[in-house]
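The number in this note's numbering is simply the position in the sequence shown, starting from 1, with 52 added.
Note that the Cβ used here is the ideal one computed from N, Cα and C, for glycine as well.
Owing to the predicted nature of the structure, the values given are computational and were not obtained by experimental measurement.
Since the structure comes first, as structure tokens, the remarks are kept for the end.
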Amino acid sequence: MTQDLSQIIATTTNGRLRIRLLAVSHFKDGKNRTQIANFLKVSRTSVNKWIKSYLDDGLAGLQEKAHTGRPKGLTKLQLLQLKDFVSTTSIKPNGGRLQGKDIQAYIEAEFKVKYQKTNVYHLLHGLNLSWITTRSKHPKQSIEAQETFKKILNENDP
53 MTQDLSQIIA TTTNGRLRIR LLAVSHFKDG KNRTQIANFL KVSRTSVNKW IKSYLDDGLA
113 GLQEKAHTGR PKGLTKLQLL QLKDFVSTTS IKPNGGRLQG KDIQAYIEAE FKVKYQKTNV
173 YHLLHGLNLS WITTRSKHPK QSIEAQETFK KILNENDP
């Protein structure tokens with residue numbers, strides 16, 4: 053069993069699980085929990101929990117539990133609707149840009165959920181939307197005037 057444990061420790065890529073497995077390995081080698089905690093540089097309480105989990109549930113007891121946290125403010129359907137909104141309104145034919153505050157206002161008006169502007173950008177990143185924008189186009193710009201301007205020679209031109 054110790055050989056199997058050594059193989060598991062060597063092959064695991066999860067750092068937290070590796071520390072737990074090392075603690076169990078040292079425990080099986082006869083070290084006390086204080087020595088294990090000092091060697092692994094963790095608290096003795098953590099070592100106690102890991103050893104208890106191992107003794108109660110085996111290796112399965114050392115696996116990471118699901119992390120709890122605050123639930124998302126928008127459902128998957130709402131996120132898809134938001135992505136569609138951003139995709140369709142980000143390019144405006146008469147110029148201007150879609151800004152974070154516009155998306156923030158849309159979310160609040162449409163879904164009745166308040167988001168800070170920073171979190172709006174996190175939402176966009178989660179939807180695989182890049183926030184790199186093109187240069188905006190002024191509605192009164194003239195392509196002819198730009199071409200004429202390009203043709204004016206200055207002292208650095210050949």
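Between the region 76 to 96 and the region 115 to 129, the count of C-beta pairs closer than 8 Å stays below three; the two stretches do not touch. For the options Q151, A75, Y158, the alpha carbon positioned closest to that of Q133 is the one of Y158.
Going by beta carbons, I88 and L73 fall outside the 9 Å limit. For V138, the closest of L107, Q198, W183 by C-alpha to C-alpha distance is W183. Residue environment for I195: exposed (fewer than 16 other C-beta atoms within 10 angstroms of its C-beta). The alpha-carbon separation between Q151 and N171 amounts to approximately 13 Å. In the same chain as K166, and ignoring 5 residues on each side of it, the C-beta atoms closer than 7 Å to its own belong to E160, in chain order.
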